[in-house]
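Colleague:
Residue numbers (this note's numbering), protein chains in the order written: chain A, 674 to 1222; chain B, 820 to 1207.
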């Protein structure tokens, strides 16, 4: 009778007097849930307060802004950084906070570009910003930008760190590092220079002590000259590295500049290696200091020479290249635009990637002690960046290396290519007042000028020159050292030109940047020549100043 | 058998209800008062075609409420329909259910409410007091005179995989408000009027002879029997007579109050099994089975059946128990015939081979628990055979 049993229970259930059948109020449960919600609400409020505290405790400024740059929320650090009070922030956009030297529209375009970059992760960039209430007060920040959601809205979360101080420290550190480098270099330079001086002195002694032999004389002199030139090159590299060497860019055909140097360098490399030179047709002009092209080519060729084995080939080429956005993306140093390219490649031993990574670092060298300073490629890199170009390296161990140096195309086609005109050393018959406190240089200058037909009044002291001129000495050009005891070249020029309007002056200096700012030399009728100089260099400079209207 | 009144604790459950012409038009006010903002309106295509669902929808919208109309209800509402309705309820963010229609729409609405709040499957809640949490507020507007789902604690859902109707019995499925409006009955066909009327009669008779009857349920049961006996024939013959419709609607309400609290018996147990098996109208199933179960139950409740006969107005004076019972069964058969319900189960497609299976399922039905004579599976199979 199982069923019957079940049914009697079932009947009880239907009649409904059981515990579960009783009418039940959900009111207490409802109140419990309400209380729980209220607790949760309070917890959220406290949590929000905590987060707000954290938000405002950050030393970095935070700005939450919408996709149009309208500011939605900022933290206390932002208010302090931009000199604002909380209520005002919503009246400004990111544009109001950004320094806009190029105008609001161009700045807006830069911001739009930043915001259009894809990706969910933060991207970091450096910006110059300003205080809206004092727009002339700008400072530098590092902005780390990230997309996110703020309430229901898509926004950017920008974290700003003031890096003005860091920039100052970096600059100071750079200077310090340069000074350290100079110190380290000094030893090497002294050593090299000493060697060269020993060579020079040795040959000179030999010449003085042996009977004059007209057949041997020029070749001895050439050895002396070469030793002196080597020292000169060393100094030049040092100056280029320190970026203290004033550059004198001219619009030039890169093919012509390379053509001159590579002939000379052929000998440097040696007969056992083939040097090929392939100038491109229709090469775009560049605006460069020809000396720098020399330096680049010399360094790259010397590097190639040390990498090649007998039978290998070194090739110099030129080419035109238009860099587009894609290429620029792939090469961090490259900007979009047209470039004239100088390629130096070799079929030598090549380099592994970890070496390629470091070759532009100062003092990085794979060469044996005494053979390289580690400054060559660093100098090349410095020069290229100084000229707003970029350099790429492709190297395969065992196969060879190719350096591609990109110079920005010079677009003012109207300017004459000056370099070609300077190939020969011009001559003249004018009178030149030459002032140089270094006796040997004074003598050298006089000989060089007189050999080109000029008449020369040599003066070892500026006061001596002044006196000579006051006593009625006539001259067409003042060629003076810049740094001299008693009176510098500039002062001498000023005194002399007071009575001679339109006085033509050529300033000579070994190390001018510290002593004089090139831009502040009297412009009209004046020129500048870096010491040491070659005969051609001197004669060209003299002629150029003399021929000025 | 006279029950020992007052010796047993008894409970009487009923919703708030409004009875009378145009009661249905209060739907929007009640929906708002019960806190509804987004209303889930459950009806079936037939009732929608008759215009009753649209009228309710218009009234709710005019009150500023947002309405989702759900018409995926078939006769003998299925478990799958309940689950779809519950998903639509949650998806629409609804917070109150209005059912407009017969037992199908109202039972489906109850199922939707249960699942919307308690999750799981509707079949999880089969049996007595298995619904743990109350469902969203429910307003019922019945459009048939018999089902009484609008006042009952019952919801009957078709378990389609088992081909059987399950009964959910819980205080939780008593509607919050029933708006009982005789006007809605005028769109019923004469045959549907007859079937639902006999359904109400079966509710009243089974409640009256139930072993869980009580003085209060007796009152309503006898009054329902009297009203149906006196008015059903006339109402079937004059479908447009609102006065007659009102009496049948009142009978249905009273029968519902009775059986909701006293429960039912073997007629419903067998009809649930049959309805799940053949998808026949519930009222029609009841009508076909009732006389046979009455005859089976006579020995267990002779006195009560005599009072039923008296309420039906049958001339029983001087008849012995046996003859009284025969007269009662004849009276019911006559009423059935005169309302237009003819034939037996065989005419509806039931075969002798189906009977063991039908009995197997029917014996599991909780309605058996309150039948005055505890049935066996064999009893039920024999009763199906008689009804063939």
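For each residue, glycine too, the CB sits at the ideal point set by N, CA and C.
No experiment lies behind these values; they were computed from the predicted model shown.
1. Check whether the Cβ atoms of residue 1149 of chain A and residue 1162 of chain A sit closer than 8 Å, and answer yes or no.
2. Residues of chain B with CB under 7 Å from residue 690 of chain A, in chain order?
3. Here's a check: name, in chain order, each residue in its chain whose Cβ is nearer than 8 Å to the Cβ of residue 949 of chain A, leaving out the five neighbours to either side.
4. Which one of A/1120, A/1199 and A/1175 has the shortest CA to CA distance from residue 1208 of chain A?
5. Residue 1187 of chain B CB to nearest chain A CB: under 8 Å?
6. Tell me which residues share the same chain as residue 1184 of chain B and place their Cβ nearer than 6 Å to its Cβ, disregarding the 5 neighbours each side in the sequence.
7. At the 8 Å Cβ level, is residue 1074 of chain B part of the contact set with chain A, yes or no?
8. How about residue 1142 of chain B: is its C-beta nearer than 8 Å to some C-beta of chain A?
9. Below 8 Å on the Cβ atoms is my contact criterion, and I expect residue 1033 of chain A with residue 1060 of chain A to pass it. Report the Cβ-Cβ distance as a whole number of Å.
10. Verify whether the separation of the beta carbon atoms of residue 858 of chain B and residue 901 of chain B is less than 8 Å.
11. What residues in the region 683–709 of chain A bring their beta carbon closer than 7 Å to a beta carbon of chain B?
12. Classify residue 826 of chain B as helix, strand or coil using the three-state DSSP reduction.
13. Quick check: the Cα distance between residue 1028 of chain B and residue 711 of chain A, rounded to an integer number of angstroms?
14. Pick helix, strand or coil for residue 1203 of chain A, following the three-state DSSP scheme.
15. Strictly under 8 Å for the Cβ-Cβ distance: is residue 1191 of chain B near chain A by that measure?
16. Give, in chain order, every residue of the region 932–957 of chain B whose Cβ lies closer than 9 Å to some Cβ of chain A.
17. Considering only residues of the same chain and omitting the five flanking positions on each side of residue 1068 of chain B, which have a CB-CB separation below 7 Å?
18. Chain A partners of residue 1077 of chain B, CB-CB under 7 Å?
19. Whole angstroms are fine: how far does the CA of residue 1011 of chain A sit from the CA of residue 844 of chain A?
20. Would you mind telling me which residues of chain A sit closer than 7 Å to residue 1082 of chain B, beta carbon to beta carbon, in chain order?
21. Are the region 1096–1111 of chain A and the region 1052–1071 of chain A touching, with three or more C-beta to C-beta distances below 8 Å?
22. Measure how close the beta-carbons of residue 1075 of chain B and residue 989 of chain B come, nearest whole angstrom, since I'm counting them as under 8 Å.
23. Going along the region 1027–1041 of chain B in order, which residues come within less than 8 Å of chain A, judged by CB to CB distance?
24. Does the beta-carbon of residue 717 of chain A have 16 or more other beta-carbons within 10 angstroms, so that it is buried, or is it exposed?
25. Taking 8 Å as the threshold (beta carbon to beta carbon), is residue 823 of chain A in contact with chain B?
26. Do you know how far the Cα of residue 947 of chain B is from the Cα of residue 691 of chain A?
27. Would a C-beta distance cut-off of 8 Å place residue 1114 of chain B and residue 1192 of chain B closer than the cut-off?
28. Assuming contact is defined by CB atoms lying nearer than 8 Å, are residue 1077 of chain B and residue 1013 of chain B in contact in what I supplied?
29. Report yes if the CB atom of residue 974 of chain B is closer than 8 Å to the CB atom of residue 934 of chain B, and no otherwise.
30. What residue from A/689, A/921, A/806 and A/779 has the CA that sits closest to residue 961 of chain A's CA?
31. If we require 4 or more residues per run, which alpha helix (DSSP H) segments fall completely within the region 696–771 of chain A?
32. List the endpoints of the continuous beta strand (DSSP E) containing residue 693 of chain A.
33. Taking the C-alpha atoms as reference points, what is the distance between residue 696 of chain A and residue 991 of chain B?
34. Starting from the beta carbon of residue 988 of chain B, find every residue of chain A whose beta carbon is closer than 7 Å, and list them in chain order.
35. If you draw a straight line from the alpha carbon of residue 852 of chain B to that of residue 969 of chain B, how long is it in whole angstroms?
36. Would you call the CB atoms of residue 770 of chain A and residue 802 of chain A closer than 8 Å?
Modeller: On the basis of the data shown:
1. Position 476 of the first chain, counted from the start, is the residue given in the question as residue 1149 of chain A. Position 489 of the first chain, counted from the start, is the residue given in the question as residue 1162 of chain A. No, they are not a contact pair.
2. Position 17 of the first chain holds residue 690 of chain A. From the beta-carbon of residue 690 of chain A, the residues of chain B found nearer than 7 Å are 828 and 830.
3. Against the first chain, residue 949 of chain A aligns to sequence position 276. Closer than 8 Å at Cβ, skipping near neighbours: 986, 987, 988 and 989.
4. In the first chain, residue 1208 of chain A corresponds to position 535, counting from 1. It is A/1120 whose Cα lies nearest to the Cα of residue 1208 of chain A.
5. Along the second chain, read from residue 1 onward, the residue named residue 1187 of chain B stands at position 368. Yes, because at least one Cβ of chain A sits closer than 8 Å to the Cβ of residue 1187 of chain B.
6. Counted from its first residue, the second chain places residue 1184 of chain B at position 365. Taken in chain order, the residues that qualify are 1088 and 1091.
7. Here residue 1074 of chain B corresponds to residue number 255 of the second chain, with the count starting at 1. Answer no: the Cβ-Cβ gap between residue 1074 of chain B and chain A never drops below 8 Å.
8. Counting from one through the second chain, the residue named residue 1142 of chain B turns up at place 323. Closer than 8 Å: no.
9. Against the first chain, residue 1033 of chain A aligns to sequence position 360. Against the first chain, residue 1060 of chain A aligns to sequence position 387. Rounded, the Cβ-Cβ distance is 15 Å, inconsistent with contact.
10. Numbered from 1 along the second chain, position 39 holds the residue referred to as residue 858 of chain B. Numbered from 1 along the second chain, position 82 holds the residue referred to as residue 901 of chain B. Their beta carbons are not under 8 Å apart, which means residue 858 of chain B does not touch residue 901 of chain B by this criterion.
11. 683, 684, 686, 687, 688, 689, 690, 691, 693, 694, 696 and 699
12. As a position in the second chain, residue 826 of chain B is number 7, starting the count at 1. It is coil, neither helix nor strand.
13. As a position in the second chain, residue 1028 of chain B is number 209, starting the count at 1. As a position in the first chain, residue 711 of chain A is number 38, starting the count at 1. Whole-angstrom Cα-Cα distance: 54 Å.
14. Reading the first chain from its first residue, position 530 is the one you call residue 1203 of chain A. In this structure, residue 1203 of chain A counts as strand in the three-state DSSP scheme.
15. Counted from its first residue, the second chain places residue 1191 of chain B at position 372. It does not: the Cβ of residue 1191 of chain B has no partner Cβ on chain A nearer than 8 Å.
16. 946, 947, 948, 949, 951, 952 and 953
17. Taking the first residue of the second chain as 1, we reach residue 1068 of chain B at position 249. Around residue 1068 of chain B: 964, 999, 1001 and 1004.
18. As a working note, residue 1077 of chain B is residue 258 in the second chain. Under the 7 Å cutoff, chain A gives no residues; its nearest Cβ is about 13 Å from residue 1077 of chain B.
19. Counting from 1 along the first chain, the entry for residue 844 of chain A is found at position 171. Counting from 1 along the first chain, the entry for residue 1011 of chain A is found at position 338. Each residue's alpha carbon lies about 31 Å from the other.
20. The count along the second chain starts at 1 and reaches residue 1082 of chain B at position 263. Here the neighbours are 687.
21. no
22. The residue labelled residue 1075 of chain B in the question sits at position 256 within the second chain. The residue labelled residue 989 of chain B in the question sits at position 170 within the second chain. Residue 1075 of chain B to residue 989 of chain B, Cβ: 16 Å. No contact.
23. 1030 and 1031
24. In the first chain, the residue the question calls residue 717 of chain A occupies position 44. So residue 717 of chain A ends up on the exposed side.
25. Here residue 823 of chain A corresponds to residue number 150 of the first chain, with the count starting at 1. Taking Cβ atoms only, chain B never reaches closer than 8 Å to residue 823 of chain A, which makes this a no.
26. Start at 1 with the first residue of the first chain, and residue 691 of chain A comes out as number 18. Start at 1 with the first residue of the second chain, and residue 947 of chain B comes out as number 128. If you take the alpha carbons of residue 691 of chain A and residue 947 of chain B, they lie about 10 Å apart.
27. Counting from 1 along the second chain, the entry for residue 1114 of chain B is found at position 295. Counting from 1 along the second chain, the entry for residue 1192 of chain B is found at position 373. With a cutoff of 8 Å on beta-carbon distance, residue 1114 of chain B and residue 1192 of chain B are scored as not near each other.
28. One-based indexing of the second chain puts residue 1077 of chain B at position 258. One-based indexing of the second chain puts residue 1013 of chain B at position 194. Contact flag unset, no.
29. Numbered from 1 along the second chain, position 155 holds the residue referred to as residue 974 of chain B. Numbered from 1 along the second chain, position 115 holds the residue referred to as residue 934 of chain B. In this structure, residue 974 of chain B sits away from residue 934 of chain B, with a CB-CB distance that is not shorter than 8 Å.
30. Here residue 961 of chain A corresponds to residue number 288 of the first chain, with the count starting at 1. Cα-wise, what sits closest to residue 961 of chain A is A/921.
31. Counting whole runs of 4 or more residues, the region 696–771 of chain A contains the alpha helix (DSSP H) stretches 700–730, 749–755 and 767–770.
32. Taking the first chain and counting its residues from 1, the one referred to as residue 693 of chain A is at position 20. Taken as a continuous stretch (DSSP letters only), residue 693 of chain A belongs to no beta strand (DSSP E), as it is neither H nor E.
33. Locating residue 696 of chain A in the first chain gives position 23, counting from the first residue. Locating residue 991 of chain B in the second chain gives position 172, counting from the first residue. If I take the Cα positions, the gap works out to 9 Å.
34. To locate residue 988 of chain B, count along the second chain from 1; it is residue 169. Correct list: 687.
35. Taking the first residue of the second chain as 1, we reach residue 852 of chain B at position 33. Taking the first residue of the second chain as 1, we reach residue 969 of chain B at position 150. Taking the straight line from one Cα to the other gives about 19 Å.
36. Counting from one through the first chain, the residue named residue 770 of chain A turns up at place 97. Counting from one through the first chain, the residue named residue 802 of chain A turns up at place 129. Their beta carbons are under 8 Å apart, which means residue 770 of chain A touches residue 802 of chain A by this criterion.
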